[in-house]
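Colleague: In our numbering, the protein residues as written are 193 to 373.
Backbone N, C-alpha and C fix where the C-beta goes; we use that ideal spot for every residue, glycine too.
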């Protein structure tokens, strides 16, 4: 699977190209965190064949971090499997500490799957508003160009003269100051 990723301020845009088309699926793992972040409560609900919503409440860099999300797929899901850890659940929604969702689709008909994910600290309705505002269409390349332009503008606030290796380290460090609290 070839994975390409881009983003806006509150939305991510993924593009997956499947070479192997049998058993093609996307795994949404709400229990997975980075560093010391751990889930307290997670939830996902399938709204229709291409739309999911939910939340991930966690404890890590903040004691009570709440992130709501909406996921839209460019191709319909023909089977959804929900899990509590590794235990298969029934239904189209689940709330547990460690919810996972396997979203299966027909990669023969849709070898390129585009996925838009928007977040909000307020609600799934606000996440949907962020998605509609920031990623109204399905033009992945336009999103990449827009993201590149915004990062170039941010990085151009500081200019240094140094060998290439030093510039790479400097701008990587500058990038890190802009991506996390």
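Which residue wins for smallest C-alpha separation from residue 372, given the options 352, 217 and 252?
Modeller: For residue 372, the nearest C-alpha among the options comes from 252.
Colleague: Take the Cβ of residue 231 as the centre, count every other Cβ of all protein chains shown within 10 Å, and call the residue buried at 16 or more, exposed below.
Modeller: Burial call: buried.
Colleague: So, residue 347 versus residue 323, is the Cβ gap smaller than 8 Å?
Modeller: Against a cut-off of 8 Å, the Cβ pair of residue 323 and residue 347 comes out as no contact.
Colleague: Checking 8 Å against the spacing of the C-beta atoms, do residue 236 and residue 244 come in under that value?
Modeller: Against a cut-off of 8 Å, the Cβ pair of residue 244 and residue 236 comes out as a contact.
Colleague: Can you give me the Cβ contacts of residue 318 inside the same chain, cut-off strictly under 6 Å, excluding the 5 residues immediately before and after it?
Modeller: If we look at residue 318 and ignore the five residues flanking it on each side, its Cβ neighbours are 312.
Colleague: Looking only at its chain, what residues have a beta carbon closer than 8 Å to the beta carbon of residue 314, apart from the 5 residues adjacent to it on each side?
Modeller: 260, listed in sequence order.
Colleague: Among the candidates 370, 223, 357 and 201, whose CA atom is the shortest distance from the CA of residue 293?
Modeller: Ranking the options by Cα distance to residue 293, first place goes to 223.
Colleague: Please state whether DSSP places residue 233 in a helix, a strand or coil.
Modeller: Here residue 233 sits in strand by DSSP.
Colleague: Looking at the strands, I want to know which residues DSSP matches up with residue 275.
Modeller: In the DSSP output, where bridge partners are listed per residue, residue 275 has 280 and 292.
Colleague: Return helix, strand or coil for residue 195, following the three-state DSSP convention.
Modeller: In the structure shown, residue 195 sits in a strand (DSSP, three-state: E or B).
Colleague: Across which residues does DSSP place residue 210 in a beta bridge pair?
Modeller: Answer by DSSP bridge pairing: none, since residue 210 is not bridged.
Colleague: May I ask you to report which of helix, strand or coil DSSP gives residue 140?
Modeller: In the structure as shown, the chain begins at 193 and stops at 373. Residue 140 is therefore absent and cannot be evaluated.
Colleague: Since residue 310 is in the beta strand (DSSP E), which residue starts that stretch and which ends it?
Modeller: Residues 304-312.
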